[in-house]
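Data block below; observations after.
Residue numbers (this note's numbering): 8 to 499.
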């Protein structure tokens with residue numbers, strides 16, 4: 008096949024005629040490269056395949072006239088030049104950097120805790136006193152195979168599992184190197200690690216099959232709660248360094264939830280709800296010693312995918328909106344000109360527009376509404392938010408119903424998105440059931456916090472195992488109550 012020259016951001020490379028542009032430039036594809044989200048916009052000129060009907064739906068005439076194309080739908084037909092948007096690093100919410108109790112460390116020199124999130128990777132390096140020596144974070148490089156668990160599973164099942172595993176191992180090794188450089192400590196002196204994540208992320212990382220996660224009845228081939236050597240996992244630590252991976256509770260309630268339960272001390276409470284809200288919302292309810300857990304597929308709207316001007320929480324993303332003198336005022340991360348809005352901004356902007364009467368209780372709006380010069384919300388954006396928030400709200404109500412709980416429940420919100428949420432706006436849009444919530448408390452990256460607690464107190468492994476064994480999983484897919492709540496909670 009004929010070779011052609013492609014210049015990407017002034018860097019020249021050689022590829023083959025007929026190659027898909029997104030594979031050449033290795034851009035992220037939140038929708039898995041299926042031409043659904045419109046986020047892989049690039050500016051190109053040269054010999055390319057004709058504009059597709061899907062591109063005409065997702066791109067404006069002005070964008071097409073200016074040479075904007077979707078990389079996942081564009082094939083290279085000859086020499087061309089490509090400009091990709093250079094994005095700032097995603098802003099990753101860190102948990103409170105308080106020192107966990109180093110009662111019985113699992114390591115003798117230095118220990119590392121890592122959270123493999125679907126969107127981000129986060130790591131901390133500790134000494135035996137429980138002091139955090141350094142922290143590091145980055146985007147999960149698997150993002151180019153999709154922004155959510157479902158598209159990752161599809162990609163892994165369709166032959167990309169090994170490539171995805173190498174990508175995440177490389178990402179973690181870069182974090183290890185960063186921690187080592189920051190502290191001038193050799194990676195070989197890190198003699199124990201705890202790595203957590205959801206079932207899918209851990210399975211791909213450890214080279215385990217995700218086939219059982221791809222179709223009903225959903226099963227996990229490997230529930231973890233086991234240790235591996237750094238050599239087995241491909242990490243740049245000493246080859247004999249032990250890496251413990253906590254147990255997963257169910258196919259879609261993973262070790263990250265087990266760790267979050269540990270960090271939040273949920274099982275020590277009489278009545279409380281723990282929610283980690285994202286593309287896959289994990290919900291845990293404790294009532295009188297009975298632990299109920301579930302997961303609900305909210306979709307990627309909270310990550311900005313499926314939202315016309317959506318983006319991750321990084322510089323330029325609208326993260327808050329307020330009504331001042333009966334008009335809307337927005338703020339963007341980095342105090343810069345807005346160029347999109349993140350999940351927290353989407354929630355706040357919608358709450359404000361509800362208050363202004365621009366959106367009614369059914370979610371209807373007459374026309375797209377500009378939040379700033381270049382950032383706006385459309386009717387389709389609001390519908391996508393309604394689907395996402397309804398899945399979370401209905402999941403919470405279903406757990407409360409299963410536990411026969413009628414009194415308002417204290418809520419702990421875990422994860423970066425939950426930490427960024429404004430409690431009032433969260434209740435106003437119905438992400439949480441306003442009449443069922445007593446208080447809302449953000450607790451940061453509880454998954455990573457729980458991993459650190461396991462690192463610093465090896466006796467907590469038994470508690471982890473007990474949580475995984477005794478938690479009662481509530482299947483929302485077969486729950487008539489969930490379906491009923493879901494339809495009701497579409498309203499604002």
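Every residue, glycine too, gets a C-beta built ideally from N, C-alpha and C.
Sub-8 Å separation of residue i and residue j beta-carbons
i, j, result
"residue 299", "residue 410", "yes"
"residue 250", "residue 235", "yes"
"residue 136", "residue 149", "no"
"residue 460", "residue 269", "yes"
"residue 89", "residue 202", "no"
"residue 345", "residue 325", "yes"
"residue 132", "residue 123", "no"
"residue 309", "residue 401", "no"
"residue 305", "residue 351", "no"
"residue 41", "residue 62", "no"
"residue 164", "residue 218", "yes"
"residue 208", "residue 127", "no"
"residue 213", "residue 458", "no"
"residue 307", "residue 155", "yes"
"residue 29", "residue 78", "yes"
"residue 111", "residue 464", "yes"
Rounded separation between residue i and residue j - CA only
i, j, result
"residue 72", "residue 49", "13 Å"
"residue 168", "residue 185", "26 Å"
"residue 99", "residue 146", "The pLDDT assigned to residue 99 is 48, lower than 50, so where the model puts this residue is not dependable; a value taken from the coordinates is nonetheless given after this. Taking the straight line joining both Cα atoms gives about 9 Å."
"residue 95", "residue 294", "For residue 95, the predicted structure reports a pLDDT of 37, less than 50, and the residue's modelled location is therefore unreliable. A value from the coordinates is still provided. Straight-line Cα distance between these residues: approximately 43 Å."
"residue 101", "residue 25", "Confidence at residue 101 is low in this model, with a pLDDT of 49, below 50, so the placement of that residue is unreliable and no value is reported for it."
"residue 303", "residue 405", "11 Å"
"residue 336", "residue 383", "13 Å"
"residue 378", "residue 356", "8 Å"
"residue 176", "residue 263", "18 Å"
"residue 9", "residue 51", "20 Å"
"residue 104", "residue 248", "Because residue 104 sits at a pLDDT of 41, beneath the cut-off of 50, its placement in the model cannot be relied upon, and the following sentence gives the value as read from the coordinates. Each residue's alpha carbon lies about 25 Å from the other."
"residue 313", "residue 256", "30 Å"
"residue 494", "residue 488", "10 Å"
"residue 480", "residue 259", "10 Å"
"residue 117", "residue 200", "9 Å"
"residue 97", "residue 339", "Caution applies to residue 97, whose pLDDT of 45 falls short of 50 and renders its modelled position unreliable; the model cannot decide the point."
"residue 87", "residue 32", "12 Å"
"residue 171", "residue 153", "11 Å"
"residue 66", "residue 46", "10 Å"
"residue 182", "residue 237", "15 Å"
"residue 191", "residue 241", "22 Å"
"residue 93", "residue 466", "Its pLDDT being 42, under 50, residue 93 is placed unreliably in this model, and the value from its coordinates should be taken loosely. For residue 93 and residue 466, the distance between alpha carbons rounds to 45 Å."
The alpha helix (DSSP H) enclosing residue i, as first and last residue numbers
i, result
"residue 302", "It is not in any alpha helix (DSSP H) - residue 302 instead sits in the beta strand (DSSP E) that spans 297-304."
"residue 361", "350-363"
"residue 71", "68-72"
"residue 494", "487-495"
"residue 432", "430-436"
"residue 325", "Not the alpha helix (DSSP H): residue 325 falls in the beta strand (DSSP E), residues 324-331."
"residue 263", "262-271"
Residue closest to residue i, alpha-carbon to alpha-carbon, out of the options
i, options, result
"residue 444", "350, 164, 413", "413"
"residue 353", "40, 341, 315", "315"
"residue 277", "264, 291, 195", "291"
"residue 194", "205, 429, 204, 180", "180"
"residue 371", "463, 57, 387", "387"
"residue 499", "436, 442, 333, 489", "436"
"residue 407", "256, 116, 157, 281", "281"
"residue 347", "330, 333, 323, 369", "323"
"residue 391", "477, 424, 497", "497"
"residue 333", "173, 360, 327, 75", "360"
"residue 274", "59, 56, 69, 477", "477"
"residue 422", "431, 403, 393, 453", "453"
"residue 188", "142, 155, 153", "142"
"residue 374", "254, 69, 389", "389"
"residue 343", "331, 253, 327", "327"
"residue 456", "271, 224, 432", "271"
"residue 18", "91, 467, 442, 425", "91"
"residue 54", "69, 440, 27, 363", "27"
Opening and closing residue of the beta strand (DSSP E) in which residue i lies
i, result
"residue 236", "231-236"
"residue 204", "197-204"
"residue 500", "The first residue shown for the chain is 8 and the last is 499, placing residue 500 beyond what the model contains."
"residue 181", "Looking at the DSSP string, residue 181 is not in any beta strand (DSSP E); the run it does join, the alpha helix (DSSP H), is 168-190."
"residue 400", "Element bounds for residue 400: not the beta strand (DSSP E) but the alpha helix (DSSP H), 386-409."
"residue 448", "444-451"
"residue 250", "249-254"
"residue 340", "Where residue 340 is concerned, there is no enclosing beta strand (DSSP E), given that its DSSP letter is neither H nor E."
Residue i beta carbon near the ligand ZN (any heavy atom closer than 7 Å)
i, result
"residue 282", "As presented, the structure is devoid of all ligands, the ligand ZN included, so that no description of it is given."
Closer than 8 Å to chain C by CB, residue i
i, result
"residue 151", "In the structure shown, chain C does not exist; there is a single protein chain."
Exercise. Is there contact between the segment 279-287 and the segment 468-479, where contact requires at least three CB pairs shorter than 8 Å?
Worked result: no
For this session: Evaluate contact between the segment 9-19 and the segment 83-92, counting only Cβ atoms and requiring at least three cross-stretch pairs below 8 Å.
Result: yes
For this session: Spell out a yes or no on whether the segment 447-459 and the segment 415-432 are touching, meaning 3 or more CB-CB pairs, one atom from each, closer than 8 Å.
Result: yes
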